[in-house]
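Single-structure report; data block below.
Numbering (the numbering used here), first residue to last: -3 to 373.
Pasting the structure below:
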């Protein structure tokens, strides 16, 4: 009889323990309903640690609701109860879904997760505007991860993580999230540009080229990707492919004078000044006041003349005839340079490099009146 009473007592003790934990959960629910969030937190945090209630999806639903209300409250004092309340709420709802095999709470959870996504988006946008990049990354990541709970993909959140990483010079994160966008076919050419740049920063130029090639195939008319590819060829010293890429870009955008400038500079880099001159002249046919191309034409002729003057001056005295020939060629190049240097000076009268080149040209060509006029300005 005593043994039976002991067993009954033990049974009551065990049942009483479970009942106490359910009371904790009920208390948490009531505290939450009455906006007594601090007490609700204590009660629900105890309920999730007990074996009987920690496996009940309702416990985690209540926890998610409590922490959501804290995160969403207009009072800073309430939000300060747990600055990470929004993240805690997400984890709680995720746990609830995992335990709720019948899907009884799916609809309710979906609404909460949507509201939590909005919270993280708002926080991310504020951090982005304030250039608080790490906080922006963290909040947009949270928004992205919420979408994954239901097997979805939030491309905007992923792109925002990637952009925040780009702007804060965190190439590993940028590459990871831009790749996510590429993998789902996000319809924005910038994804390929920033993904390529991130891989380049990480030291994988082969991958950077592959990404740009993929992007150009999808966006064949995108001038930005063409220029990005050209820049990468320039940085890696692949001048033959750079020239081909720029010619393709010019064919697609024949009025873009910047493309002609870059192509001309590329020719100069490989000492092909004849082709450089031709391309620069094409640029000023499109835009007669295109200062960079105008100056570069003048500079090529000046450099040719300078090399010829040096060659002539280094000749022995007895080669006077050869000296006169080479000096004549140098003078001819300076005369070719003059209209372009003078036009450059007209466009930018304060540029000291242009003024210096003009002074030297006038002096060498013995154009003393023009030299004096320039000196008197």
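A virtual CB, placed ideally from N, CA and C, is assigned to each residue, including glycine.
Three-state secondary structure (DSSP) of residue i
i: residue 281; result: helix
i: residue 252; result: coil
i: residue 341; result: helix
i: residue 286; result: coil
i: residue 97; result: coil
i: residue 352; result: helix
i: residue 13; result: Low confidence applies here, because residue 13 scores a pLDDT of 45, under 50, leaving its location unreliable and the question unanswered by this model.
i: residue 41; result: helix
i: residue 181; result: coil
i: residue 313; result: coil
i: residue 77; result: coil
i: residue 236; result: helix
i: residue 371; result: helix
i: residue 323; result: helix
i: residue 266; result: coil
i: residue 304; result: helix
i: residue 49; result: coil
i: residue 23; result: helix
i: residue 365; result: helix
i: residue 31; result: coil
i: residue 0; result: Since pLDDT at residue 0 reaches only 42, below the 50 mark, its modelled position is unreliable, and the value read off the structure follows with that caveat. Of the three classes helix, strand and coil, the one that applies to residue 0 here is helix, per DSSP.
i: residue 87; result: helix
i: residue 8; result: Only weak support is given to the placement of residue 8: the predicted model assigns it a pLDDT of 40, under 50, and the question is left unresolved by the model.
i: residue 197; result: helix
i: residue 261; result: helix
i: residue 292; result: helix
i: residue 192; result: helix
i: residue 271; result: helix
i: residue 71; result: coil
Cut-off 6 Å between Cβ atoms - residues of its own chain near residue i, not counting five sequence neighbours on either side
i: residue 301; result: 326, 329 and 330
i: residue 356; result: none
i: residue 55; result: 21, 43, 44 and 49
i: residue 196; result: 204
i: residue 35; result: 27
i: residue 368; result: none
i: residue 173; result: 154, 157 and 158
i: residue 138; result: 116
i: residue 264; result: 272
i: residue 25; result: 58
Anticipated Cβ contact below 8 Å, residue i with residue j, distance rounded
i: residue 111; j: residue 68; result: 7 Å
i: residue 84; j: residue 63; result: 4 Å
i: residue 241; j: residue 225; result: 5 Å
i: residue 322; j: residue 304; result: 5 Å
i: residue 336; j: residue 266; result: No, residue 336 and residue 266 are not in contact; Cβ-Cβ is about 22 Å, not under 8 Å.
i: residue 47; j: residue 95; result: Going by Cβ atoms, the distance from residue 47 to residue 95 rounds to 13 Å, so no, they are not a contact pair.
Cβ shell of residue i (< 7 Å), same chain only, five flanking positions each side left out
i: residue 292; result: 260 and 276
i: residue 133; result: 157, 160, 161 and 169
i: residue 60; result: 85, 88, 89, 92 and 108
i: residue 296; result: 269, 272 and 273
i: residue 359; result: 367
i: residue 307; result: 322
Endpoints, the alpha helix (DSSP H) within which residue i is located
i: residue 60; result: 53 to 68
i: residue 111; result: 102 to 125
i: residue 203; result: 201 to 214
i: residue 131; result: 129 to 145
i: residue 219; result: 219 to 231
i: residue 156; result: 151 to 163
Neighbourhood of residue i by C-beta, 8 Å cutoff - its chain only, sequence neighbours within 5 removed
i: residue 338; result: 354
i: residue 180; result: 149 and 151
i: residue 142; result: 86, 109, 112, 113, 116 and 150
i: residue 75; result: 66, 67, 69 and 81
i: residue 340; result: 287, 290, 291, 294, 347 and 350
Any non-hydrogen atom of the ligand SAH within 7 Å of residue i CB
i: residue 24; result: This structure simply doesn't include the ligand SAH, nor any ligand for that matter.
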